[in-house]
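*Asks:* Numbering (full-length UniProt numbering), first residue to last: 1 to 177. Before we start, here is the structure in question, set down as structure tokens.
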Amino acid sequence: MSIAPATADTRQASVTSTDDLDDQTLRRVFGAFPSGVVVLGAQTEDGPQALVASSFTVGVSLHPPLVSVAVQRSSQTWPRIRTAPAIGVSYAGEVHAGVLRQLAGRDRAHRFDGVGTIVTPHDALLLAGSPVHLETVLHAEIAAGDHTVALLEVRHVHEEPEHRPLLWHASGVRTLD
């Protein structure tokens, strides 16, 4: 077996200094990285709450089982969800492609119109049709610039592998093909 030597790529990369970056450029560059989409949810005294996020990381820790999500500090929904006894995490599935913007929108009165939900005994709110449901509790929060990184401890899991997940890429929802 032989290994061919690597050849050097002599093209010049386009480099922008962080001093010159604007929000639009950062969103475009960060959006070039494909990621999953999750919906955090809880049934609260104010009614059902949902927050859509693509900044979700699994496997932060196995013992205890931790996942993380970054939430904008300006979120009006996170303060309602974070105090719930349990927080549902639903991996967005193909059936949710048409409702993610609705769930993420500012119209709270119609946020859940036409959206199937499941509420656990601990008031975690989950989306019907998700490939994976996690019931979690808030473990810790870390300030991170204009976001808060929430570490969530996984208490219960439920898989429905017949549902295919969605991806977020280039500011849009994509399917696995």
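The beta carbon of each residue, even a glycine, is placed where N, CA and C say it ideally should be.
Short check: CB of L152 to CB of T136, under 8 Å?
*Replies:* For the purposes of this step, residue 152 is taken as residue 152 along the sequence shown, with counting starting at 1. For the purposes of this step, residue 136 is taken as residue 136 along the sequence shown, with counting starting at 1. In this structure, T136 lies closer than 8 Å to L152 by Cβ.
*Asks:* Applying the criterion that 16 or more other CB atoms from any shown protein chain within 10 Å of the CB defines a buried residue, is S130 buried or exposed?
*Replies:* As a working note, residue 130 is residue 130 in the sequence shown. With 16 or more Cβ atoms within 10 Å of its Cβ, S130 is classed as buried.
*Asks:* Just how far apart, CA to CA, sit L103 and D19?
*Replies:* Locating residue 103 in the sequence shown gives position 103, counting from the first residue. Locating residue 19 in the sequence shown gives position 19, counting from the first residue. Rounded to whole angstroms, L103 to D19 spans 34 Å at the Cα level.
*Asks:* In whole angstroms, give me the CA-to-CA distance for A50 and G88.
*Replies:* By 1-based counting over the sequence shown, the position of residue 50 is 50. By 1-based counting over the sequence shown, the position of residue 88 is 88. One C-alpha to the other measures close to 9 Å.
*Asks:* For V69 and F56, I'd like the C-alpha separation in whole angstroms.
*Replies:* Here residue 69 corresponds to residue number 69 of the sequence shown, with the count starting at 1. Here residue 56 corresponds to residue number 56 of the sequence shown, with the count starting at 1. Taking the straight line joining both Cα atoms gives about 4 Å.
*Asks:* R76 by DSSP, collapsed to three states: which one?
*Replies:* Start at 1 with the first residue of the sequence shown, and residue 76 comes out as number 76. Sequence inspection shows Gln at residue 76; the Arg mentioned does not correspond to that position. Three-state DSSP puts Q76 in coil, outside helix and strand.
*Asks:* Out of curiosity, what's the CA-to-CA distance linking T117 and D123?
*Replies:* The count along the sequence shown starts at 1 and reaches residue 117 at position 117. The count along the sequence shown starts at 1 and reaches residue 123 at position 123. T117 and D123: Cα-Cα distance of roughly 11 Å.
*Asks:* Looking at the structure shown, is H110 part of a helix, part of a strand, or coil, going by DSSP?
*Replies:* By 1-based counting over the sequence shown, the position of residue 110 is 110. In this structure, H110 counts as helix in the three-state DSSP scheme.
*Asks:* Drop a sphere of 10 angstroms on the beta-carbon of G105, count the other beta-carbons inside from all chains shown, and report buried for 16 or more, exposed for fewer.
*Replies:* Indexing the sequence shown from 1 puts residue 105 at position 105. That one is exposed.
*Asks:* Between which two residues does the alpha helix (DSSP H) carrying R101 extend?
*Replies:* For the purposes of this step, residue 101 is taken as residue 101 along the sequence shown, with counting starting at 1. Unbroken alpha helix (DSSP H) run through R101: 100-104.
*Asks:* For the region 149-167 against the region 58-72, are there 3 or more C-beta pairs whose distance is under 8 Å?
*Replies:* Yes, they touch.
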